[in-house]
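Student: First, the structure itself, so that you have it in front of you.
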Amino acid sequence: MQAKAYSSEVPEVPDVVALRARLTAFPYRTVTTRAGTVGYRCAKAQAPDAVPVVMLHGIGSGAASWLAQFEAAGLGASLYAWDAPGYGQTSNVAVAEPDADAYADALEAWLDALGLARVALAGHSLGAIVASKFAARAPHRVLGLFLCSPAGGYGKADPAVRVAKRDGRLAMLHKLGPAGMARERSDNLVAPGAADLPRAWVKWNMSRVQPEGYAKATHLLSNGDVAGDLARYVAANAGPVAVAVGAQDAVTPPASCQAIADVAGVTLQRIEGAGHAAYIETPDVLNAALAAWLGRIAAGER
């Protein structure tokens, strides 16, 4: 069957052009792993003992979306942000209807290729599913977990709910394509009062997703179980957990994120003035939360 053709362009505002220019300070790289190619960006700290923080984006985003974290002063960490399987230049997972293990396998292969034996993981939305799964499987390799507006996944939901959620997203993708989703759906990811620039940056990042990668990530969302995986990581007593959410998040509302924070036994950090994309909308606040979490890691907190 011939692939459906979509309009591929979302008009860019001048400020987004400027953000893309700033992004060149963190050039796109690729590495070959046993699972295929992974595309990523990084911002390495000068200190040789800096904590490596691996940043995992959501279903409608990519590595570039972490620009404000790359540019942040004071984190004192080396940041690595991948394009998930099927995004950017990263090879897709082979299985047709993948679960979190397939993505955790790809993450493990990437970390091994970079020589990163132990890392801290920061997952946004869908990225929290991958982060939690990897942490549950290999707690000895995970210094800590930071979950920002975590998508809980529907792995434990009624099968009819799982199918409905999955098929709804797939139908939207088929109807609109990435650029159409960006035009019509990206505003759902920010607070109603969000400024024009974060709105535009969220939209630009969403417009760049690839249909096959997004479709497979939809299955990941359907099969994910953050609460279960997080509970296994917490039981291993491997490293500190933080959970944050925008106070106006309409995608993963504070109530759903509270349930995840409760699993970890931590206080949910509510970020005022932010929606689902708090790390883009209110980066200074989110970066301060990241810095506090990194401080707990440096102190050896469990």
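Residue 223 in full-length UniProt numbering is what sits at position 223 of the sequence shown, and the numbering runs on without skipping anything. Just so it is clear, CB atoms sit at the ideal spot from N, CA and C, and this is done for glycine as well.
1. Could you give the C-beta distance for V263 and L230, rounded to a whole number, given that I count them as a contact under 8 Å?
2. Expressed to the nearest angstrom, what Euclidean distance is found between the alpha-carbon atoms of K216 and L290?
3. Is it right to say K133 is buried, meaning 16 or more other beta carbons lie within 10 angstroms of its own, or is it exposed?
4. For P98, which three-state DSSP category applies?
5. Taking its Cβ as the centre, do 16 or more other Cβ atoms sit within 10 Å of R169, making it buried, or is it exposed?
6. Would DSSP call L67 helix, strand or coil?
7. Just the C-alpha distance for A299 and W293, rounded to the nearest angstrom, thanks.
8. Can you look up Q269 in the DSSP assignment and give me helix, strand or coil?
9. Please report how far the alpha carbon of T232 lies from the alpha carbon of V119, in whole angstroms.
10. Nearest-angstrom Cα distance between A255 and G180?
11. Grab me the residues of T218's own chain with a C-beta within less than 8 Å of its C-beta, minus the 5 sequence neighbours each way, in chain order.
12. Closest to L286 by CA distance: which of I271, H276, R296 and G295 is it?
13. What do you reckon, are the CB atoms on L127 and H57 nearer than 8 Å?
14. By DSSP, does T218 sit in helix, in strand, or in coil?
15. Quick check: the Cα distance between Q248 and G275, rounded to an integer number of angstroms?
16. Is the distance from the Cβ of P240 to the Cβ of R296 below 8 Å?
17. With H57 as the anchor, note down where its alpha helix (DSSP H) starts and where it stops.
18. With distances taken Cα to Cα, identify the nearest neighbour of L114 among Y40, A135 and A157.
19. Going by other Cβ atoms of all chains shown within 10 Å of its Cβ, with 16 needed for buried, is E184 buried or exposed?
20. Under three-state DSSP, which class holds S78?
21. Do you know how far the Cα of G155 is from the Cα of N223?
22. Tell me the rounded alpha-carbon separation between A227 and A194.
23. Quick one: what does DSSP say R41 is sitting in, helix, strand or coil?
Tutor: The relevant details are as follows:
1. 5 Å
2. 29 Å
3. buried
4. coil
5. buried
6. helix
7. 10 Å
8. strand
9. The sequence shown places Arg at residue 232, not Thr. Their Cα atoms are separated by approximately 17 Å.
10. 29 Å
11. I59, R166, R169, L170 and L173
12. I271
13. Just to set this straight, residue 127 is Gly in the shown sequence, not Leu. In this structure, H57 lies closer than 8 Å to G127 by Cβ.
14. helix
15. 5 Å
16. yes
17. From DSSP, H57 is part of no alpha helix (DSSP H); its letter is neither H nor E.
18. Y40
19. exposed
20. strand
21. 4 Å
22. 30 Å
23. strand
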